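This note's numbering applies: residue 14 is where the sequence shown begins, and numbers increase by one. Virtual Cβ for every residue (Gly too), placed ideally from N, Cα, C. This one's a predicted model, so the numbers in the text were calculated from it and none came from an experiment.
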Amino acid sequence: WWLIAYRYYDQWDWDMWDTSDQFVAAALTGGLVTLVLVILVFSRSFGALGTARRRVSGDRQQEWFLWCLGSTLFACLVSCLGVVFSYQLQILFFVFLVSISVATFEARRPPDRSAAPLQEGIEELAWVAVGSDLPLKVG
Numbered sequence: 014w015w016l017i018a019y020r021y022y023d024q025w026d027w028d029m030w031d032t033s034d035q036f037v038a039a040a041l042t043g044g045l046v047t048l049v050l051v052i053l054v055f056s057r058s059f060g061a062l063g064t065a066r067r068r069v070s071g072d073r074q075q076e077w078f079l080w081c082l083g084s085t086l087f088a089c090l091v092s093c094l095g096v097v098f099s100y101q102l103q104i105l106f107f108v109f110l111v112s113i114s115v116a117t118f119e120a121r122r123p124p125d126r127s128a129a130p131l132q133e134g135i136e137e138l139a140w141v142a143v144g145s146d147l148p149l150k151v152g
């Protein structure tokens with residue numbers, strides 16, 4: 014069962030249907046290859062975040078953003094030890110993995126230094142009141 018998965022794991026013994034660990038659920042439903050792939054996704058994501066974090070060294074905002082992504086990924090890893098993600102949570106987890114992919118890809122790009130500085134004649138917008146959608150011209 015460990016190589017190609019096992020379909021009827023709920024029949025092993027009385028009340029053995031509950032797989033309360035995402036890694037166990039991956040191994041039971043997909044076999045060893047699926048378990049290795051799940052571990053590889055976490056490992057590669059942590060590696061990409063660490064590399065991206067080193068590349069943006071000095072930019073406090075980017076460092077903080079990548080650190081937050083890494084800590085969220087760590088929280089997901091820990092939760093996988095006690096929870097099996099439902100389909101809705103799996104979709105959110107995949108969206109989170111895509112955001113890690115985009116953030117680490119953007120960190121690999123060199124900064125765009127050719128962008129022209131803001132011109133002084135540009136009008137800035139301020140908001141009239143806290144709940145209002147009407148802009149007020151300032152300047």
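Comparing alpha carbon positions, the residue from Ala-65, Leu-86, Thr-85 closest to Glu-76 is Ala-65. The C-alpha of Val-111 lies about 10 Å from the C-alpha of Ser-58.
For Val-111, the enclosing alpha helix (DSSP H) begins and ends at 100-121. Within the model, the alpha-carbon separation for Ala-40 versus Phe-78 is close to 32 Å.
Per DSSP, reduced to three states, the secondary structure at Ser-84 is helical. In this structure Arg-68 touches Ala-120 by the C-beta definition: roughly 5 Å separates them, less than 8 Å.
Residues of the same chain with their beta carbon placed closer than 7 Å to that of Val-91 are lacking, with the five preceding and five following residues left out of the count. For Val-54, the uninterrupted alpha helix (DSSP H) segment begins and ends at 35-68. In the displayed model, Val-96 falls within coil according to three-state DSSP, outside both helix and strand.
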